[in-house]
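Take a look at the structure set out below.
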Amino acid sequence: MSSNPHYPHLLEPLDLGFTELKNRVLMGSMHTGLEDREKNFPKLARYFAERAEGGVAIS
21 MSSNPHYPHL
31 LEPLDLGFTE
41 LKNRVLMGSM
51 HTGLEDREKN
61 FPKLARYFAE
71 RAEGGVAIS
C-alpha cells in the first residue's frame with residue numbers, strides 16, 4: 021500500500037498481539053508550548069486531535 025519503495029510496510033497495519041495499529045507512523049514527543057498553563061489545555065487537545073485525524077498510529 022505504501023507508495024515509497026524504500027518503506028513498503030510503512031502504511032500497513034502492525035499487529036502488536038494485544039492491539040493492531042492501522043499503520044506504522046509514529047509522532048515523537050515534542051514541546052508545543054501549550055503544556056504549562058491549564059488555560060491552554062483545549063488548544064493542546066485540538067493539537068493532538070488534529071494529528072490523530074491525520075493518520076498517526078501512535079502519538
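Residue numbers (the numbering used here): 21 to 79.
Quick reminder that beta carbons are idealized off the backbone N, C-alpha and C, glycines included.
Everything numeric in this text was worked out from a predicted model, so none of it was measured.
Alpha carbon to alpha carbon, how far is residue j from residue i? Give it in angstroms, no decimals.
i, j, result
"Arg71", "Phe38", "23 Å"
"Met63", "Gly48", "According to the sequence shown, residue 63 is Lys rather than Met. Each residue's Cα considered, the two are about 19 Å apart."
"Asp35", "Gly74", "20 Å"
"Glu58", "Ala65", "11 Å"
"Leu54", "Ala69", "14 Å"
"Leu46", "Asn24", "17 Å"
"Pro33", "Glu40", "7 Å"
Would DSSP call residue i helix, strand or coil?
i, result
"Leu46", "strand"
List the residues that DSSP assigns as beta-bridge partners of residue i.
i, result
"Asp35", "Glu40"
Taking residue i as the reference, which of the options has the closest Cα?
i, options, result
"Arg44", "Pro25, Ala69, His29 and Asn24", "His29"
Along the alpha helix (DSSP H) that carries residue i, what are the first and last residues, could you check?
i, result
"Ala72", "Phe61 to Glu73"
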